[in-house]
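Visitor: Residue numbers (my numbering): -19 to 95.
We treat Cβ as the ideally placed atom computed from N, Cα and C, and that holds for glycine.
This is the structure I have questions about; it appears just below.
Shown next as structure tokens:
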């Protein structure tokens, strides 16, 4: 069984920054597709950012230019750098890794943007 553990969430003021981390208990290879999603109460989970096997990235329109997804294969970790945070970014953020034979989700980390 694979575990993905997110960290780095918290309370931040509008305009602030946070960096989320997601550490995998299973070795990560660059061919895997890795992504960050977020969910607010009563809404469906939505894609925030994804990085594919070739290193190409895609972002939700609402976060383009503010968020950056990256990975450190040696540390089995995927990151989400979030800058210029807005109140509407408040959500539980989840990482997801497609290992090919299975897809794993983290438990989520709360991000709250408020003054």
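#1: Within a Cβ cutoff of 7 Å, which residues of the same chain sit near residue 99, ignoring the five residues on either side of it in sequence?
#2: Use the C-beta contact count for residue 52: other C-beta atoms within 10 angstroms, 16 or more gives buried, fewer gives exposed.
#3: What would DSSP say about residue 55, mapped onto helix, strand or coil?
#4: Kindly indicate the opening and closing residues of the beta strand (DSSP E) around residue 40.
#5: With burial defined as no fewer than 16 other Cβ atoms inside 10 Å of the residue's Cβ, what is the status of residue 4: buried or exposed?
#6: Just reading off the beta strand (DSSP E) that residue 31 is part of, what are its end residues?
#7: Got a sec, what are the start and stop residues for the beta strand (DSSP E) residue 19 sits in?
#8: Rounded to a whole number of angstroms, what is the C-alpha to C-alpha distance between residue 85 and residue 79?
#9: Excluding the 5 residues preceding and the 5 following residue 37 in the sequence, name in chain order all residues of the same chain whose CB lies nearer than 6 Å to its CB.
Guide: On the basis of the coordinates in this document:
#1: There is simply no residue 99 to check, as the chain begins at -19 and stops at 95 in what is shown.
#2: Your numbering for residue 52 matches position 72 in the chain shown. Flag for residue 52 reads exposed.
#3: In the chain shown, residue 55 corresponds to position 75, counting from 1. Three-state DSSP puts residue 55 in a helix.
#4: Residue numbering aside, residue 40 sits at position 60 when the chain shown is read from its first letter. No beta strand (DSSP E) contains residue 40, which DSSP labels as neither H nor E.
#5: Taking the chain shown and counting its residues from 1, one reaches residue 4 at position 24. That one is buried.
#6: Position 51 of the chain shown, counting from 1, holds the residue named residue 31. It spans 26 to 31 - the beta strand (DSSP E) in which residue 31 sits, taken as one unbroken run.
#7: Locating residue 19 in the chain shown gives position 39, counting from the first residue. 13 to 19 is the span of the beta strand (DSSP E), which, as asked, contains residue 19.
#8: Start at 1 with the first residue of the chain shown, and residue 85 comes out as number 105. Start at 1 with the first residue of the chain shown, and residue 79 comes out as number 99. The alpha-carbon of residue 85 is positioned some 11 Å away from that of residue 79.
#9: As a first step, residue 37 is located in the chain shown; it is residue number 57 there, counting from the start. These residues qualify, in order along the chain: 31 and 49.
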